[in-house]
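Everything in the sequence shown is counted per full-length UniProt numbering, starting at 1 for the first residue and increasing by one. Positions of the beta carbon are idealized from the N, C-alpha and C atoms, including for glycine. To start, the structure itself, in structure tokens.
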Amino acid sequence: MAEPSREPVSGSAATSDRGRSEDAEVLRRYYRQMMVIRVFEQRAAEMYTKAKIGGYCHLNLGEEATVVGLTAALRAGDYLFTTYREHGYALARGADPGRVMAELFGRATGLSGGRGGSMHLFDAQHRLLGGYGIVGGQIPPATGAALALAYRHGPSPHGDAVMCLLGDAATNIGAFHESLNLAAVWRLPIVYVIVNNQLGMGTPVEAAAGEPELFRRGCSYRIPGQRVDGNDVLAVREAARDALDRARGEHQPMLVETVSYRLRGHSVVDPARYRSDADNRRLRDLDPVPAFRARLIDDAVLDPGSAARIDSEAEQIVAEAVEVADHAPDPDGETLFDHVYATPVANTPQGRPGDPAVTP
Numbered sequence: 001m002a003e004p005s006r007e008p009v010s011g012s013a014a015t016s017d018r019g020r021s022e023d024a025e026v027l028r029r030y031y032r033q034m035m036v037i038r039v040f041e042q043r044a045a046e047m048y049t050k051a052k053i054g055g056y057c058h059l060n061l062g063e064e065a066t067v068v069g070l071t072a073a074l075r076a077g078d079y080l081f082t083t084y085r086e087h088g089y090a091l092a093r094g095a096d097p098g099r100v101m102a103e104l105f106g107r108a109t110g111l112s113g114g115r116g117g118s119m120h121l122f123d124a125q126h127r128l129l130g131g132y133g134i135v136g137g138q139i140p141p142a143t144g145a146a147l148a149l150a151y152r153h154g155p156s157p158h159g160d161a162v163m164c165l166l167g168d169a170a171t172n173i174g175a176f177h178e179s180l181n182l183a184a185v186w187r188l189p190i191v192y193v194i195v196n197n198q199l200g201m202g203t204p205v206e207a208a209a210g211e212p213e214l215f216r217r218g219c220s221y222r223i224p225g226q227r228v229d230g231n232d233v234l235a236v237r238e239a240a241r242d243a244l245d246r247a248r249g250e251h252q253p254m255l256v257e258t259v260s261y262r263l264r265g266h267s268v269v270d271p272a273r274y275r276s277d278a279d280n281r282r283l284r285d286l287d288p289v290p291a292f293r294a295r296l297i298d299d300a301v302l303d304p305g306s307a308a309r310i311d312s313e314a315e316q317i318v319a320e321a322v323e324v325a326d327h328a329p330d331p332d333g334e335t336l337f338d339h340v341y342a343t344p345v346a347n348t349p350q351g352r353p354g355d356p357a358v359t360p
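Next up, the structure:
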């Protein structure tokens, strides 16, 4: 797997100095969030192998700094649209871990009532407007949400904005280019974030994209782009915050590319044999969670004992989430056709498997 071009990558060199000037409790909170996401995803993989989780399951392992940095830049009123690799974003946005795990288990108390599973988390309270199972499927709805915000109020530093996450491979589909063009023409308050983990399933970015420096792909629509080190939580937060400020204050659509590496395969069942042993060793060395832990200890924000306590707290939070999900009720079969339409529709089919084709 080729090493990507890293120019320009914002923030990496200044991380340590910026970390020292940052509020210590904020830094500890970021580490705690990253650890909860790390442990949650590890346990999700375990639960999948135990058949507690069905369907597809895509993990944020290795992307924790990107997840926490992006969500830290969001305000409470901002809207977030994600890909199907969204467990960590739901947690960082404030969703209850027990409800997230219950959704993975397909239980009635899950974020989507057990109907969505791993790829379709939704939490209107925290303005998480869904994980989308279709590659790039979230891009047009997110652009539409930004259009609604533009109608609701004009450019304002106090206005709401939309953040739309997409993977590197989604930059090659038509909806990406159509949406960016409309966002530019209509001056929409939206930030498109390309979470570039170097692989579209098993295909390296440089083998699939004519312009592998993906932050440049908005230039034909005059949408400014920036590439940032996705393993640096503070650099990600600052890049996302600056982009959101321009999106909301000027209605200038923005493009941010975060460069990181997923530590596992595309999904839980992918053994990632397209990676060499050397690749795997290099990725472990770049793991953002222990790197951030070591940085905070070096800067005296944490000591080994307090870091260990945070690690233990994360383990406990996730253990409780698994326990809650394991004892949550299954959805009632009588609710099978609920929420098919937003409003009632006459003559909606209500038949279930095993029902007679014709009712006497």
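So who's on the other strand from residue i, going by DSSP bridges?
i           : result
residue 226 : 256
residue 82  : 131
residue 203 : 200
residue 111 : DSSP output for residue 111 lists no bridge partner at all.
residue 190 : 162
residue 249 : Looking at the DSSP assignment, residue 249 forms no beta bridge with any residue, so it has no partner.
residue 167 : 195
residue 123 : 128
Do residue j and residue i come within 8 Å of each other at the CB atom, strictly closer than that value?
i           : j           : result
residue 162 : residue 79  : yes
residue 83  : residue 167 : yes
residue 251 : residue 157 : no
residue 99  : residue 310 : no
residue 193 : residue 240 : yes
residue 34  : residue 345 : no
residue 322 : residue 119 : no
residue 297 : residue 308 : no
residue 268 : residue 45  : yes
Compare the Cα-Cα distances from residue i to each of the options and report the closest residue.
i           : options            : result
residue 136 : 59, 127, 172       : 172
residue 36  : 54, 90, 84         : 90
residue 275 : 199, 112, 111      : 199
residue 282 : 270, 64, 262, 300  : 262
residue 315 : 39, 26, 25, 27     : 39
residue 286 : 62, 141, 52        : 62
residue 234 : 329, 295, 325      : 295
residue 51  : 209, 23, 226, 106  : 106
residue 351 : 221, 307, 337      : 337
residue 160 : 77, 267, 228       : 77
residue 41  : 144, 97, 248, 186  : 97
residue 164 : 186, 214, 139      : 139
residue 179 : 27, 144, 154       : 144
residue 256 : 249, 208, 244, 248 : 244
residue 93  : 303, 103, 71       : 71
residue 204 : 45, 279, 325       : 279
residue 221 : 247, 334, 201, 183 : 183
residue 353 : 342, 49, 334, 341  : 334
residue 69  : 197, 134, 232, 169 : 232
residue 75  : 254, 206, 219, 242 : 242
residue 28  : 291, 301, 319, 349 : 301
residue 134 : 102, 56, 181, 88   : 56
residue 88  : 181, 102, 59, 103  : 59
residue 327 : 224, 53, 102, 355  : 102
Determine the DSSP secondary structure at residue i, reduced to helix, strand or coil.
i           : result
residue 57  : coil
residue 342 : coil
residue 356 : coil
residue 35  : helix
residue 221 : helix
residue 137 : coil
residue 382 : The requested residue 382 does not occur in the structure, where the chain is confined to residues 1 to 360.
residue 64  : helix
residue 348 : coil
residue 266 : coil
residue 151 : helix
residue 14  : Below a pLDDT of 50, predicted positions are generally treated as unreliable, and residue 14, at 42, falls in that range; no measurement from the model is reported.
residue 157 : coil
residue 317 : helix
residue 232 : coil
residue 97  : helix
Please go through the same chain and pick out, in chain order, the residues whose beta-carbon is closer than 7 Å to the beta-carbon of residue i, but skip the five residues on each side of it.
i           : result
residue 66  : 195, 230, 236, 258, 260
residue 86  : 121, 131
residue 209 : 171, 172
residue 211 : 217
residue 317 : 36, 97
residue 148 : none
Using a Cβ-Cβ cutoff of less than 8 Å, which residues in the same chain neighbour residue i once the five nearest sequence positions on both sides are dropped?
i           : result
residue 95  : 111, 121, 123, 126, 128
residue 339 : 113, 115
residue 331 : 106, 107, 108, 113, 114, 115
residue 24  : 301
residue 150 : 186, 187, 188, 189, 251
Give me, in chain order, the residues of the same chain whose beta-carbon lies closer than 6 Å to that of residue i; leave out the 5 immediate sequence neighbours on both sides.
i           : result
residue 6   : Here residue 6 scores only 41 on pLDDT, less than 50, and its place in the model is too uncertain to base an answer on.
residue 272 : 265
residue 277 : none
residue 187 : 251
Considering only heavy atoms of the ligand PLP, does any lie closer than 7 Å to the CB of residue i?
i           : result
residue 100 : The model depicted lacks the ligand PLP and carries no ligand whatsoever.
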